[in-house]
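Residue numbers (the numbering used here): 5 to 186. Where is the CB? At the ideal position from N, CA and C, for every residue including glycine. Nothing here was measured: the structure is a model prediction, and the numbers come from that model. Beneath this line is the structure, given in structure tokens, with notes to follow.
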Ligand SMILES: [Fe+2]
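Quick look at the structure:
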């Protein structure tokens with residue numbers, strides 16, 4: 005059984021430590037060890053399909069969400085301006101990492117996350133995600149801040165490659181456009 009309230013409480017305790025992301029990584033490792041139990045725990049809490057509906061908690065210190073991606077989903081390039089820990093428990097999440105040193109995003113790495121894999125993002129990580137399989141992917145994402153309102157976040161326009169201020173509905177629109185092209 006996975007108790008998401010306990011998970012959130014443990015994450016809040018982790019925030020008091022010197023290296024919250026490392027502590028959260030261990031907590032994520034524990035909950036993704038039983039994918040069926042974690043999925044059932046999310047299913048009991050999630051109220052809809054939007055990102056906000058999939059958030060178990062969302063405040064200035066912490067955001068915990070289930071990110072479930074349908075087959076072929078592609079996000080635009082974006083940053084978070086806070087650390088994050090991603091733990092995949094169903095399907096696969098392909099992460100590409102970028103540098104913006106030259107103005108336009110330039111890919112500098114990639115990581116294919118499979119069930120049981122964990123990826124840590126630092127505050128300056130720029131990435132895009134893709135579900136490469138014909139089945140859904142599901143992951144628990146923990147962010148060290150407010151994923152919706154964090155100041156200074158960017159999304160790169162997939163048509164012009166220009167950097168734009170992050171806005172959650174614009175990210176959703178770009179995701180829809182990119183996924184339909186896939
Ligand atoms: Fe992201």
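Selection around ligand 1 by beta-carbon proximity, strictly under 6 Å to any non-hydrogen atom, yields 82, 84 and 131 in chain order. Rounded to the nearest angstrom, the Cβ distance from residue 18 to residue 31 is 7 Å, consistent with a contact under 8 Å. Comparing C-alpha distances from residue 93 to each of 181, 182 and 6 shows the shortest one belongs to 6. Close CB contacts of residue 86 within its chain, under the 7 Å cut and outside five residues either way in sequence, are with 127, 147, 148, 149 and 154 (chain order).
For residue 90, the CB contacts under 6 Å within the same chain, skipping 5 residues up- and downstream, are 123, 143 and 145 in chain order. The continuous beta strand (DSSP E) containing residue 167 extends over residues 167-169. The C-alpha of residue 125 is placed about 24 Å away from the C-alpha of residue 180. Residue burial is scored here from C-beta neighbours: residue 29 has at least 16 other C-beta atoms within 10 angstroms and is therefore classed as buried. Around residue 75, the same chain offers 135, 137, 138, 139 and 140 as residues with beta carbons nearer than 8 Å, after the five sequence neighbours per side are excluded.
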